[in-house]
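*Asks:* Quick one: the structure is below, questions incoming.
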Amino acid sequence: MEKHIIREPIAYEKIPTRIYRDPKEASKSVAVEIAALIREKAKANLPCVLGLATGSSPKTVYAELIRMHREEGLSFKNVIAFNLDEYYPMDPHAVQSYWRFMREQLFDHVDIPEDHYFIPDGTLPESRIADFCREYEHKIDQLGGLDFQLLGIGGNGHIGFNEPGSLINSKTRLMMLDHSTRVAATMDFGGELTKVPKKAITMGVSKILQAKRVVLLAWGERKAEKIADAVEGSVSEQNPASYLQTHPNALF
Ligand code: F6R
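And the structure:
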């Protein structure tokens with residue numbers, strides 16, 4: 280057992296769950312897993328297809344990956360990344376945009392080629408979104424699917440922006456955001472709820488579940504109840520994170 284793990288998964292948990300002393304140590308162990316996968320794929324001359332998340336939870340993982348790039352020669356040249364979601368509408372240069380977030384938190388600091396990362400486009404006319412979403416999934420499929428999906432979890436159990444009520448077979452689509460999700464985002468929009476977009480484009484639950492490996496991060500006590508429900512309760516559309524019980528290789 281790694282020395283920072285407080286405890287390893289236990290039998291009645293329907294999703295393997297590791298509890299760490301602090302987010303930094305947990306993030307380190309996730310970054311080590313991602314780095315090993317990138318290197319293994321590079322050795323075999325294969326692309327490493329990563330599904331990535333925004334929000335506060337993955338920031339420490341990205342910081343550790345950047346450190347590994349700088350200090351340990353970890354290259355991202357073979358990485359192809361697909362982000363989970365983007366607000367709609369959203370200007371990619373706005374401070375709240377997930378495109379800008381990913382550039383600032385990871386992509387601008389590593390050697391990933393500019394045409395190797397994809398983030399849902401918050402500038403499309405609404406009439407083109409359905410086609411865009413189909414194409415987004417098609418691109419992932421053509422690469423053989425996601426090798427690894429990194430997830431956070433919303434206070435309401437959402438994964439990506441698959442809000443409660445999302446079906447297990449839901450596709451990448453335009454989604455109405457839950458009131459609680461918009462409230463949680465108000466600080467990013469100058470404290471004004473009316474400025475938080477009402478919609479987002481999100482990768483669907485089915486594409487997330489098709490990833491070969493899924494790791495979900497949650498820090499602090501605020502999300503403990505939703506995590507416990509997802510890990511120990513029944514699979515329910517009321518808590519989309521519980522869908523990961525059906526995944527053969529997920530870790531919380
Ligand atoms: C972000 C995303 C969301 C967040 C979730 C948790 O791309 O898909 O599901 O992961 O809202 O956000 P934080 O980490 O800010 O608590």
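Quick note: the sequence shown uses the working numbering, first residue 280, plus one each step. Glycine residues also receive a C-beta, built at the ideal position from the N, C-alpha and C atoms.
(1) Distance, Cα to Cα, Cys412 vs Ile313?
(2) What did DSSP end up calling Gln375 once you bin it into helix, strand or coil?
(3) With DSSP run on the structure shown, which of helix, strand or coil describes Met455?
(4) Taking only three categories from DSSP, how would you classify Ser521?
(5) Out of curiosity, what's the CA-to-CA distance linking Ile487 and Gly470?
(6) Can you tell me which of Asp301, Leu523, Ile419 puts its alpha carbon nearest to the alpha carbon of Ala507?
(7) Looking at His283 and ligand 1, is the gap between the Cβ and the nearest heavy atom below 7 Å?
(8) Can you determine whether any heavy atom of ligand 1 sits closer than 7 Å to the C-beta of Ser335, and answer yes or no?
(9) Compute the minimum distance between the beta carbon of Ala520 and the heavy atoms of ligand 1, and state whether it is under 7 Å.
(10) Return helix, strand or coil for Ala529, following the three-state DSSP convention.
(11) If you reduce the DSSP assignment to three classes, tell me which class Ser485 lands in.
(12) Assuming Asp508 is part of the alpha helix (DSSP H), what are its boundary residues?
(13) What separation, rounded to the nearest whole angstrom, lies between the Cα atoms of Arg286 and Val475?
(14) On the DSSP bridge assignment, give the partners of Thr299 in chain order.
(15) Between the beta-carbon of Phe386 and the beta-carbon of Asn362, is there less than 8 Å?
(16) Can you give me the Cβ contacts of Pro392 inside the same chain, cut-off strictly under 7 Å, excluding the 5 residues immediately before and after it?
(17) Which same chain residues end up closer than 6 Å to Thr333 when comparing Cβ atoms and leaving out the 5 residues on each side of it in sequence?
(18) If I'm right that Val309 touches Val494 with Cβ under 8 Å, what's the distance once you round it to whole angstroms?
*Replies:* Looking at the atomic coordinates:
(1) As a position in the sequence shown, residue 412 is number 133, starting the count at 1. As a position in the sequence shown, residue 313 is number 34, starting the count at 1. Spanning the two alpha carbons is a distance of roughly 26 Å.
(2) Here residue 375 refers to the residue found at position 96 when the sequence shown is read from its first residue. Residue state, collapsed to three classes: coil.
(3) In the sequence shown, residue 455 corresponds to position 176, counting from 1. Correct three-state label for Met455: strand.
(4) Numbered from 1 along the sequence shown, position 242 holds the residue referred to as residue 521. Helix at Ser521.
(5) As a working note, residue 487 is residue 208 in the sequence shown. As a working note, residue 470 is residue 191 in the sequence shown. Straight-line Cα distance between these residues: approximately 31 Å.
(6) Here residue 507 is taken as the residue at index 228 of the sequence shown, counted from 1. Minimum Cα distance to Ala507 is reached at Leu523.
(7) One-based indexing of the sequence shown puts residue 283 at position 4. False, no ligand heavy atom lies under 7 Å from that Cβ.
(8) Within the sequence shown, the letter at position 56 stands for residue 335. Under cutoff, so the answer is yes.
(9) Locating residue 520 in the sequence shown gives position 241, counting from the first residue. Incorrect: Ala520 has no Cβ contact closer than 7 Å to ligand 1.
(10) Here residue 529 is taken as the residue at index 250 of the sequence shown, counted from 1. Looking at Ala529 - three-state DSSP - the assignment turns out to be strand.
(11) As a working note, residue 485 is residue 206 in the sequence shown. Looking at Ser485 - three-state DSSP - the assignment turns out to be helix.
(12) On the sequence shown, position 229 is the one that residue 508 refers to. It spans 503-511 - the alpha helix (DSSP H) in which Asp508 sits, taken as one unbroken run.
(13) Looking up residue 286 in the sequence shown gives position 7. Looking up residue 475 in the sequence shown gives position 196. Looking at the two C-alpha atoms, the distance is approximately 38 Å.
(14) Reading the sequence shown from its first residue, position 20 is the one you call residue 299. Residue 299 is actually Tyr in this sequence, not Thr. Note: Tyr299 sits in a beta bridge opposite Ile284.
(15) For the purposes of this step, residue 386 is taken as residue 107 along the sequence shown, with counting starting at 1. For the purposes of this step, residue 362 is taken as residue 83 along the sequence shown, with counting starting at 1. No; because the gap between Cβ atoms is not below 8 Å, this pair is not in contact.
(16) As a working note, residue 392 is residue 113 in the sequence shown. Result list for Pro392: Lys356, in chain order.
(17) Here residue 333 refers to the residue found at position 54 when the sequence shown is read from its first residue. Excluding residues within five positions, the ones whose Cβ falls inside 6 Å are Tyr377, Phe380.
(18) Counting from one through the sequence shown, the residue named residue 309 turns up at place 30. Counting from one through the sequence shown, the residue named residue 494 turns up at place 215. At roughly 6 Å, the Cβ-Cβ gap stays under 8 Å, so Val309 and Val494 are in contact.
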